[in-house]
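All remarks here apply to the structure that follows.
Numbering (my numbering), first residue to last: 76 to 180.
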């Protein structure tokens, strides 16, 4: 395991159309709530789970991660590459309260 601090693991929430629909659909149906975060590339699932539980004070059912490779970009004659990053889908246990991303900040 890496020696990352709790606040170093979770970089930011991912607020896209898909992530908002996942969060709203799970809360309306009474299912477990799904949160989406941009996380440190070195963080593993156990570290992500403990960071979410510590910051938000909830119990996590499962964590799914996706690695994104940085895209090549051109601007005129100059070429560059965007940074690679990791996204985590965190599913909370059923019965946990609604989580607002802004409440932990």
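A virtual CB, placed ideally from N, CA and C, is assigned to each residue, including glycine.
For residue i, three-class secondary structure by DSSP
{"i": "residue 140", "result": "strand"}
{"i": "residue 157", "result": "coil"}
{"i": "residue 163", "result": "strand"}
{"i": "residue 146", "result": "coil"}
{"i": "residue 101", "result": "helix"}
{"i": "residue 113", "result": "strand"}
Per-residue burial, residue i [other beta carbons within 10 Å of its own, 16 or more giving buried]
{"i": "residue 108", "result": "buried"}
{"i": "residue 118", "result": "buried"}
{"i": "residue 158", "result": "exposed"}
{"i": "residue 95", "result": "exposed"}
{"i": "residue 100", "result": "exposed"}
{"i": "residue 93", "result": "exposed"}
{"i": "residue 115", "result": "buried"}
{"i": "residue 121", "result": "exposed"}
{"i": "residue 98", "result": "buried"}
{"i": "residue 111", "result": "buried"}
Contact between the region 164-171 and the region 144-153 is defined here as three or more beta-carbon pairs at a separation below 8 Å; is this criterion met? no
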